[in-house]
Amino acid sequence: MTTTPARPAPASRGSAVRRRRAAYISLRMTGVLLAVLVLGHFASTHVITDVSGTDANFIDERWASLLWVIWDSVMLVAVLAHAVLGLWAVVADYSAGTRRLVIRATVFVVAGLLLLGGLAIIIVGASG
Amino acid sequence: MTLPQFLFFLGFTIVALVVIAFTVVVLRSARFYDGGAFPTGAMIMRLARPGRERVELQRWAFYVHRISGAGVFGFLCLHVVDVSLFAFSPAVYDNVHSLYGTAVMRVIEVGLLFALLFHTFNGLRLVSVDVKDLGIVASTRVLYVVLASTLVFGIVGAYYILKPVFL
Amino acid sequence: MTTTPWADPELLTTDVAVIGSGGAGLMCVLHALEADPSLHVTIVSKGAVGRSGCTRMVQGGYNAVLDPNDSIDAHFSDTLAGGKYLNNQELAWTLVNDAPRVIHELETRVGCFFDRRADGRIHQKAFAGQTFDRTVHRGDLTGIEIMGRLRDQMFRLGPVELEDVRALDLIHDADGQLAGITGVHMRTGRPLVLRARVVVVATGGSATMYRVAAPAREKTGDGIAMCWRAGLAMRDMEMLQFHPTGLLAGEARMTGAVLEEGLRGAGAILRNALGERYMESYDPERLERSTRDVVARSGYLEIAAGRGTPEGGVLIDISHLGREEVERRFPGMVARTRQIGQDLASGPVTVSPTAHFHMGGVIIDKDCLTSLQGLLVAGEDAGGVHGANRLGGNGVAESTVYGARAGDTAAGMAPARSLHEPDQGEIDASFRRAYAPLGREEGPSPFELTRRLKELMWNKVGVVRDGEGLVQAAKELDGLAEEVRTVAAPGPAAVNFGWQEAMDLTNQITVARTMAYAAAWRTETRGAHARSDYPDSRQELDYLVLEAGPGDEIHSSVAPVEFTHASPPRLEKSGSDGGKP
Amino acid sequence: MSPVRAASPHITVRVTRSDSSAPSEFTVPRIKPMTVLDALLAVQRLHDSALGFRFSCRVGMCGTCTIRVDGRSALACQTEITDEIAEIRVDPLAGLPVVRDLVVDMTPFWEAWKSVTPYLVPHDDAEVGMDAEPAVIPPDSEERRHIDPSLDCIGCGACFSSCGIAGAHRDFLGPAALNRAMVLIDDSRDAASRLRLSVVGGDESGVDRCHYIYGCSAACPKGLDPAKAIRRIRKKRFS
Ligand SMILES: Cc1cc2nc3c(=O)[nH]c(=O)nc-3n(C[C@H](O)[C@H](O)[C@H](O)COP(=O)(O)OP(=O)(O)OC[C@H]3O[C@@H](n4cnc5c(N)ncnc54)[C@H](O)[C@@H]3O)c2cc1C
Ligand code: HEM
Ligand code: SF4
Ligand code: F3S
Ligand code: FES
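In order, the protein sequence lines correspond to chains A, B, C and D.
Each residue of the first sequence is one higher than the one before, starting from 1 at the first, in the UniProt record's numbering.
Each residue of the second sequence is one higher than the one before, starting from 1 at the first, in the UniProt record's numbering.
Each residue of the third sequence is one higher than the one before, starting from 1 at the first, in the UniProt record's numbering.
Each residue of the fourth sequence is one higher than the one before, starting from 1 at the first, in the UniProt record's numbering.
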């Protein structure tokens, strides 16, 4: 009675390593990127400008500049990628089985909707 | 309070509740699975002792990193929605957005700032642990820097955010 | 139909049942399954598999001839000289021949990673009593490497593991053929009957029955007692080795833990409470570097003569090497002493001889066969390999070499040997004996009896013995044997260590009685056996063979040592064996 | 001189029992020196012979006496009760099913261990067995330097139960198994390193589930640094 756990063929396992590695490095790279983008964003909307000043006019002016459109778009993409990758581990740590799948699907859908919606505003806002 | 403001408030409450619930899950499961997260007397004594026992600090850094990450994500969800009002109607946006200037919201923003600062600096620390191959001792030292930076930047930021309340 | 105080036994069947999961047990499984992967092998282990017993605790290392400048003959003659020529030469010869091959196997198949010399080959260090540096090691945690890797092999081979299962008795069939064993699940308290074609006993001896003792807690002579009850013959039962430097830590369990031999090799000095370097008067030439038996005995005599410390020990001091040097070379030992509030690096530490290893045991041949067909014995449970005194580093060699041989023998024997139907009467008797303390509400506490046994053995069948003391010991042991039949261990059957202690105790007393008996017979001082009333060694070399008689009787016969490979040098008339000059 | 408070002559031991009606608070006399194991043995001897806990070697080599002392995983036999301690709380290891009292079922730990192929898989062309020559590997070689400090794991599970991730759903392989995997991946005698790396680096149960809580490295009674092994495996994925 030897225990030889059934494992998929080595080829597909190699790609599993590549996928995990990509997720791992993306989480960290988006993190480092966000350190600049998010803190910059926060500084510009809370410190340099007071929050009460960040009204519709402020957004109008801001999104008139291509720099800020790119900044905010990249930040949005990065933050959602980062959060989804991060939550991947969080979900795994506190759930198991089908529950895990359901929570993951939810996170994924919510993030997808936010991303679409968010990008739409930025583009609409910038062009309108 | 206008209807959009009320809806924002509702959304905010939901996010806050989710974050609180998540905090409870993290700390409770810590109690069951790694031997207890609640600040007991024995644990506080450990924090004060030098050497390996300082790992208690690492443990808390992990809990807080987790909770702050999820919290910031929760707020982000809300924030994307409220900014999207701008595309829909700048007037409604302004109406909802005026809430951000209230004293209560400013206090909450300070909380957000601290969460963001800690998560950012600690996240950079975790990246550097991998990149620079820091061990438990070095990474604990960097953790002190993380805590100090969070405090310094947080206080400076809090000053600017809260200034209008007192003026 | 009568109801029994024990639950319905679990009934299991296997080809090879290996009792004990120390070095001998796991090597046996490895070899049996390598030789014949179709075998059904079952490990029965009282402690955690691979993490109980003494092989795990080996610090020093493993003697094997690997260097081209060394020779098998040299290792052989060192082993005989150490054993004072009492060894079964066939067994000792096999040991030294197989040891290098087992090291090779441990490295190439099992995956152990022993320390290396600068040129990348396996490093070998010096050990007492050896003419060549031939002790293979992994830092000062050699046993962990060997047992850890052997345990990993079990994941590859997949034998059935009955962990936390205590073997109780060997069971015959109605015709007296070996049929299997009885046992009990310690976690649930449920009994079991394991039928087997071949049974290998490797439970690792019995040296825990002394007040100051080094081994792991499982080693309570279960295997020897089991074989004794099954009618097997034992030899050299009086030969119990004391390690000279066991820690004294008051009533703490740490008492008896070994401070390694390397300390004396590195120049540690032993002093009595008066500050005298007492080895000068016992072995002026070799001083502290003398063999274990001599150093242990000298320390004991100093303490007995009232020149010991208040704690009842002598002092070992290596601090003259300098604090940093000691910390660098003996980190494990320094940590161990600091843990009990002393410090090897900065001053003397109190030590005492500590019961360490039982040279005596079941009589086997070089293929581990015994007089009972289907029963093999390997490791410390077997007697004869080491004679009157074991060399440091030959113990783990014995358990792995003979474990491997037992595995080969078992693999060859199992397919040919049929299963036998265990005798119900024997099974019932075995369970009745085992479960009796559990049912009893009133009676002596097993812990208290154990304490008394340990005191008795220490004082009367200890490092130095005398005729009068041994007679008394025999009498007191008979009394204990009576008393242990009334011992009470109330509580549930599941995970009840009070009850386990009661069963341990029964076996320990059985073995202790044979030890006292044999010690009274040997009216000489030889190796580990020292008699204050007979300080000299006899000319003739013979040993006592013991067998169980009816009731509690002990039957004995004397057998001469056979010199199949080498004859002993002639002893000078006054050839004292290192006793008091 | 600092004022020395006399050590109390008794130790109060609070034990979490699996049967909640069994007594759980005991007082035992202080001995010197004294470890937590001594305290438990005293409870067993003086108050409750049925108290469930396990040990074997009492010198930190078998790794079977692991329990939680005041919340943190440690070897009972290696944890001193110093003069200033008058009271200890002991619990069974966190994150593992309790068998009775302080005895836990280590199966999840060994299952994880098993799944990294914890044994040496020799190269196809390598000779193995009693007549094969051991490999020549200098002590200052790169592989030996990495393997050496990670070799002496006693399988005590202190790390596993100090890592909330490993204990929670037990689908994270945990520090000890990953440490073992690292040793074999670095071992030039081993032929299964790719397979092993694909498990520890490719499965969701592998290294990515570590968040550097450092409970492992801090708890290890043998001074191993499993977190370092995890870092090393993460790096190995890129080569
Ligand atoms: C502290 C110490 C240091 C040592 N250092 C060295 C050294 O440096 N070099 C050297 O060569 N030798 C050394 N030795 C000696 C060496 O350890 C032993 O000779 C050898 O390990 C014995 O191996 P074994 O397999 O026979 O038994 P062990 O390894 O002791 O294994 C016994 C096994 O039997 C099991 N068992 C016991 N009773 C039962 C039962 N009733 N039912 C089922 N299972 C049971 C136990 O759980 C255990 O698994 C040392 C011994 C000690 C105590
Ligand atoms: C600003 C710079 C940021 C950096 C440098 C950063 C870095 C990191 C790193 C390294 C991790 C992995 C932690 C681990 O595996 O243990 C992580 C996790 C995570 N981050 Fe960030 N992050 C940043 C911003 C954010 C933001 C803005 C959010 C919210 C939207 C966020 C949400 C998360 C979440 C949910 C996790 C998972 C938590 C966990 O695994 O414990 N992060 N972050
Ligand atoms: S790594 Fe350390 S703590 Fe973990 S099981 Fe091994 S010895 Fe125990
Ligand atoms: S405690 Fe666990 S999370 Fe990582 S650093 Fe150790 S494995
Ligand atoms: S009893 Fe063996 S490690 Fe504690």
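Don't be surprised by glycine CBs; every beta carbon is placed ideally from N, CA and C.
Counting every other CB atom within 10 Å of its CB across the protein chains shown gives Thr131 (chain C) a total below 16, marking it as exposed.
Only those residues of the region 145 to 169 of chain D whose C-beta falls short of 9 Å from the nearest C-beta of chain A are listed: Gly164, Ile165, Ala168 and His169. The beta carbon of Gly374 (chain C) sits closer than 6 Å to the beta carbons of Leu178, Val198 and Arg417 from its chain, once the five residues preceding and following it are set aside; these are given in chain order. For Arg17 (chain D), the closest Cβ of chain B is not nearer than 9 Å. His211, Tyr212, Ile213, Tyr214, Gly215, Ser217, Ala218, Asp225, Ala227, Lys228 and Arg231: these are the residues of the region 203 to 233 of chain D whose beta carbon lies less than 7 Å from some beta carbon of chain B, given in chain order.
Taking a beta-carbon distance threshold of 9 Å, Arg68 (chain D) counts as an interface residue toward chain B.
Going by DSSP, Ser73 (chain D) is part of no alpha helix (DSSP H) but of the beta strand (DSSP E) stretching over Arg72 to Leu75.
In this structure, DSSP gives Arg338 (chain C) a helical state, which the three-state scheme calls helix. Scanning its chain for C-beta atoms nearer than 7 Å, with the 5 sequence neighbours on each side dropped, one finds no residue around Val90 (chain A). Under a 10 Å Cβ-count criterion, Lys163 (chain B) is classified as exposed, with fewer than 16 other Cβ atoms of the shown protein chains found around its own Cβ. Not one heavy atom of ligand 3 lies closer than 8 Å to the C-beta of Gly223 (chain C).
In the DSSP annotation of this structure, Pro175 (chain D) is not part of any beta strand (DSSP E); the continuous alpha helix (DSSP H) holding it starts and ends at Pro175 to Asp186. Listed in chain order, the alpha helix (DSSP H) runs fully inside the UniProt domain "2Fe-2S ferredoxin-type" (11 to 96) of chain D are 36 to 46, counting runs of at least 4 residues. Counting the other CB atoms within 10 Å of its CB gives Glu61 (chain A) a total below 16, which places it among the exposed residues.
With a threshold of 9 Å between beta carbons, Gly71 (chain D) makes contact with chain B. Judged by pairs of C-beta atoms under 8 Å, the region 158 to 174 of chain C touches the region 38 to 48 of chain C, as three or more such pairs exist. With three or more CB-CB distances shorter than 8 Å, the region 201 to 214 of chain C counts as touching the region 448 to 459 of chain C. With a cutoff of 9 Å on beta-carbon distance, Val156 (chain B) and Leu76 (chain A) are scored as not near each other. Judged by DSSP in its simplified three-state form, Leu151 (chain D) adopts coil rather than helix or strand.
Of D:Asp70, D:Arg58 and D:Ala191, the smallest CA-CA separation from His123 (chain D) is found for D:Ala191.
Less than 9 Å divides the Cβ of Ala406 (chain C) from the Cβ of Ala202 (chain C). Taken from the Cβ of Leu259 (chain C), every heavy atom of ligand 3 lies 8 Å or farther away. Annotation: the continuous alpha helix (DSSP H) that includes Ser128 (chain B) extends over Ala103 to Lys132. No Cβ of chain C is located within less than 9 Å of the beta carbon of Thr27 (chain D).
Looking at the backbone, the Cα of Met61 (chain D) and that of Pro175 (chain D) are separated by about 19 Å.
In this structure, Ala214 (chain C) has its beta carbon at no less than 8 Å from each heavy atom of ligand 3. In terms of Cα proximity to Ile224 (chain C), the closest of C:Arg292, C:Met154, C:Phe447 and C:Ala382 is C:Ala382. The DSSP-derived three-state label of Lys454 (chain C) is helix.
For the 9 Å CB-CB criterion, Asp82 (chain B) and His97 (chain B) form a contact. When rounded, the separation of the alpha-carbon atoms in Arg54 (chain B) and Leu126 (chain B) is 17 Å.
A contact between stretches requires three or more CB pairs, one per stretch, nearer than 8 Å, and the region 350 to 359 of chain C meets this requirement with the region 290 to 308 of chain C. Set against 8 Å, the gap from the CB of Thr107 (chain D) to the closest heavy atom of ligand 1 is not smaller. Between Gln153 (chain C) and Gly111 (chain C), the alpha-carbon positions lie close to 9 Å from each other. Closer than 9 Å to the CB of Ser65 (chain A) there is not a single CB belonging to chain D. Taking 9 Å as the threshold, the shortest C-beta distance from Tyr63 (chain B) to chain A does not fall below it. Under the DSSP assignment, Ala473 (chain C) falls in the alpha helix (DSSP H) whose first and last residues are Gly467 to Glu483.
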